[in-house]
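Data block below; observations after.
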Amino acid sequence: MAALAMFCAGSVLAWVNRQTGAPAGLLIVATMGFSLAYFAIVAMLVSTVPRLKRNESLQWSDLVGVFGWVGIAYAGSAAVASLLYLTYLQSGIGVLMAMVPLLAMLLATLHYFFRQQEAADAVRRSSAEAAEREAELAARHVQELEASERRFHSAFTHASIGMALLSFEGRMLQANAALRSLLGREDAELIGKRFGDFVWAEHLGELEGALARVDQQGFEGFALEFRCRHRNGEAVWVSAHCAYFSEPGSTTPCLILQVQDISARRAAEAGLHHIAFHDSLTGLPNRRRFHELLGRLTERARDRPSEAFAVMFLDFDRFKLINDSLGHGAGDQFLVQVARRISACLRPQDVVARLGGDEFAVLLQHLEHDRIAMGLAERLLEALKQPFDVAGTEITTSASIGITFSSFGHRSAEDVLRDADTAMYKAKGAGKARYALFDASLHTEVSDRLRMEGELRHAIDQGQLAVAFQPLFELTSGRLSGFEALVRWRHPVDGDIGPGAFIPIAEEAGLIQRVSDFVLHCACRQLAVWQKVDQAYADLTVSVNISGNDVAHSAFVARVTRALVETGLHARHLTLELTENILMSRLEAALPMLAELRHLGVALAVDDFGTGYSSLSHLSTLPIDALKIDRSFVSRLQAGSKEAAVVRAIVLLGTSLGKSVVAEGVENAGQLAQLREMGCHLGQGFHLARPMPAAEVGELLLTLLPTKGCLNARVASGAAVERTGALLH
């Protein structure tokens, strides 16, 4: 293209020369000036445009190199143009056309050559750019490493938790200020030292074991909690986490240990643990903690019988009276003083716990002989007999203690406490203020009680309970006054079982309410039937015994009301009997209930009177209708005896207070005569009539009908009367 341009330019120059007559030299100079300007512009564009596209600065070396190459191209083009022009002048257009293929080949070769050069230049430029980028990335990476190292050292130095770099042997390479403060040490005291040198001995084995596993494959670090030793000797609980670490700028791996002070958390946990396992009132271990300790000792004793122990179960005999009379605050003060006295009597290795209420347990460890336990029990009883000063009031009480030993081979802590509790009840039954040892016979007794409890539940469901009725007579006239309803358990194997054998079990097992309701409904229903036999029996009454659980039951009055409504019996024909001890021990709770029953119309009687501790002031104010003299006085009733004086006093007391007096356990004619002479109103006993089932009561009523309910010699031949075994004269 350049040669063609030059050819055209030469032709134009010749034409201008012919047309204008201008000097040829002038035209040549003008043409050369134009060509040089064009050459310079093209060379500058070729050298600058590529760098401008890459946003690079201009280089003089590029401009000089381009001038050379462009000059060669222009020189070649000029030579070709001159050759073409001369050929055209000499040979004409034909020769020129023949040279076109040759020129095309030349131009193609030149084009290929320049393209190869451009490709090579592009490769060189790309390599140069890649090298520049790599250098830039390397420089940036170095900067980032330096920044990372600065950040690490800043974080390491100023971290609020203790940090240290450790060798794989556990030696400290670096330690930050927080760790130095946590341990109370200077940097020189830590660097190069084993971290384990500052750990309590009891935790050192665990830490060294964890460090020993560091080289094992798949190690991901470890976390432990242990105690470190401060410079001042105090223990500092820490949470430590250890992991692999490669320090920036170093090719040697190490361990990084992060240590956080958790002493406050541990103290809070210890406080919560103390609350969970200790009694808040006395500070003693509670039932849960005692169970835990006892369970461990029980398991150990099975494997090593020589490590003997004993357990004492303590229960105070009048704690409820203290609470009821002085209030619960005084009761709490009493328990605190009791805990101190018990603790003062024990050996250092013994443990006392409050199980609840006024129940305490003592674990006697490392017991060399059973006599040690008995000696401690005697010491406790003596200490607890001494008066307590509670809220300015002097209180004297006593405790009952049950003791069991590990030699019985208990399987669990529950078994140990059960046996100690059983022995404690044995002590209470023997007169309180004493201790009792558990033995195999007591174990049999407990097993029998458990068996009887299960059978009693079944008996209630299967209708094995029955009610016997013992007649009550007016002692002066011999007239039938009413009946006392006595529950019986008709056991399919053991036969009839009296209430004394199973009522306490029913109370402990929570079955007494069902038993009481059964007796109450049966007694009311039967009396309502018997009252309809004849008008003479319209005023008969029936007495039903109630337990302490009934007195404490908030719905007892409603239960009595329901029984009366469902059976159609009038309330005035029902008498409820409760023992003197139950009445006085639950007096505060019983008074509202007794008032409601009296308002309902039900009569109330104090059973076993004379065996408890009621006062005359209470008797004069309580809504009581009758006093029942206990059979223990009647059975020893002889003229001039102390018992006779007691019975006479009770009769006079009841009469003066306007209450009926009933004698229990009248067994012979002599007793009957004395009771009549004393003015006793009513009586019951085997001499008068034995307890009998409801069917026989119906026969008795028919037998006594001719005498309007009076039992005397003229009807002694009746079969029903013969079964009573009684004659009233």
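In my numbering, each number is its position in the sequence shown, counted from 1, plus 1.
C-beta: ideal position from N, C-alpha, C; glycine also.
Beta-bridge pairing of Val-260 - partner residues as DSSP gives them: Gly-163, Ala-241
Close Cβ partners of Thr-423 (< 7 angstroms) along its chain, the five nearest in sequence each way excluded: Gly-403, Phe-439, Leu-443, Val-447
Opening and closing residue of the alpha helix (DSSP H) in which Lys-386 lies: 371-386
Straight-line gap, Gly-332 to Arg-691 (C-alpha atoms, nearest Å): Those two C-alpha atoms are separated by around 47 angstroms.
For Ala-140 and Ala-38, the rounded distance between their alpha carbons: 45 angstroms
Option in Thr-708, Gly-686, Ala-502 with minimal Cα separation from Arg-452: Ala-502
Per-residue DSSP class, three states only, for Val-545: strand
Distance between Leu-184 and Gln-175 (C-alpha atoms, nearest Å): When rounded, the distance between both Cα atoms is 14 angstroms.
Straight-line Cα distance separating Gly-272 from Leu-579: 48 angstroms
Residues near Ser-636 by beta carbon distance below 6 angstroms, same chain, minus five either side: For Ser-636, where only same-chain residues beyond five positions count, the Cβ hits under 6 angstroms are Gly-666.
Boundaries of the alpha helix (DSSP H) in which Cys-525 is found, first to last residue: 513-531
Leu-620 to His-522 span [Cα, whole Å]: 29 angstroms
Whole-angstrom C-beta distance between Val-516 and Val-488, which should lie under 8 angstroms: Right, their Cβ atoms sit about 6 angstroms apart.
Own chain, CB closer than 8 angstroms to Glu-203, minus 5 neighbours either side, in chain order: Excluding residues up to 5 positions away in sequence, Arg-228 lie with their Cβ nearer than 8 angstroms to the Cβ of Glu-203 in the same chain.
Counted within 10 angstroms of its Cβ, other Cβ atoms place Glu-456 as buried (16 or more) or exposed: That one is buried.
Candidates Ile-373, Val-352, Leu-356, of which the one nearest Val-363 by Cα: Val-352
Secondary structure, alpha helix (DSSP H): runs of 4+ residues fully inside the region 655-704: The DSSP assignment places 670-679 as complete runs of the alpha helix (DSSP H) inside the region 655-704, in order along the chain (cut-off: 4 residues).
Cβ distance (whole Å) where Ala-179 is taken to contact Ile-162 below 8 angstroms: 6 angstroms
Residue of Arg-632, Gln-261, Gly-210, Ala-553 minimising C-alpha distance to Arg-181: Gln-261
Distance, Lys-433 Cα to Ser-642 Cα: Going from the Cα of Ser-642 to the Cα of Lys-433 covers about 29 angstroms.
Candidates Val-520, Ala-244, Ala-268, of which the one nearest Ile-257 by Cα: Ala-244
At least three beta-carbon pairs within less than 8 angstroms, the region 373-393 to the region 308-324: With a cut-off of 8 angstroms, the region 308-324 and the region 373-393 count as touching, because enough Cβ pairs lie within range.
As assigned by DSSP and simplified to three states, the class of Asp-110: According to the sequence shown, residue 110 is Thr rather than Asp. If DSSP states are grouped into helix, strand and coil, Thr-110 belongs with the helices.
Range covered by the beta strand (DSSP E) that runs through Thr-580: 575-580
Cβ neighbour criterion (16 or more within 10 Å) applied to His-293: Before going on, a small fix: residue 293 reads as Glu here, not His. Burial call: exposed.
Within 8 angstroms, strictly: CB atoms of Val-603 and Leu-628: Remark: C-beta atoms of Val-603 and Leu-628 do not approach each other more closely than 8 angstroms.
In DSSP terms, what Val-391 is bridged to: In the DSSP assignment, Val-391 forms a beta bridge with Thr-394.
The region 277-288 in contact with the region 390-398 per 3-pair CB rule at 8 angstroms: no
Proximal residues to Glu-597 (C-beta, below 6 angstroms), its chain only, five neighbours per side dropped: Its chain contains Val-558 as the residues whose beta carbon lies nearer than 6 angstroms to that of Glu-597, once the 5 sequence neighbours on both sides are disregarded; these appear in chain order.
Local conformation of Arg-563 per DSSP, three classes: helix
Close Cβ partners of His-492 (< 6 angstroms) along its chain, the five nearest in sequence each way excluded: Ile-498
Where the alpha helix (DSSP H) containing Ile-461 begins and where it ends: 441-463
Residue interval of the alpha helix (DSSP H) (run including Lys-427): 414-430
Stretch pair the region 298-306 + the region 402-417: three plus CB contacts closer than 8 angstroms: Yes: the two stretches touch, three or more of their Cβ pairs being nearer than 8 angstroms.
DSSP three-state assignment for Ile-583, whether helix, strand or coil: Note: Ile-583 maps to helix in three-state DSSP.
Cβ-based neighbour list, Asp-608, same chain, cut-off 6 angstroms, excluding 5 preceding and 5 following: Glu-578, Thr-580, Lys-629
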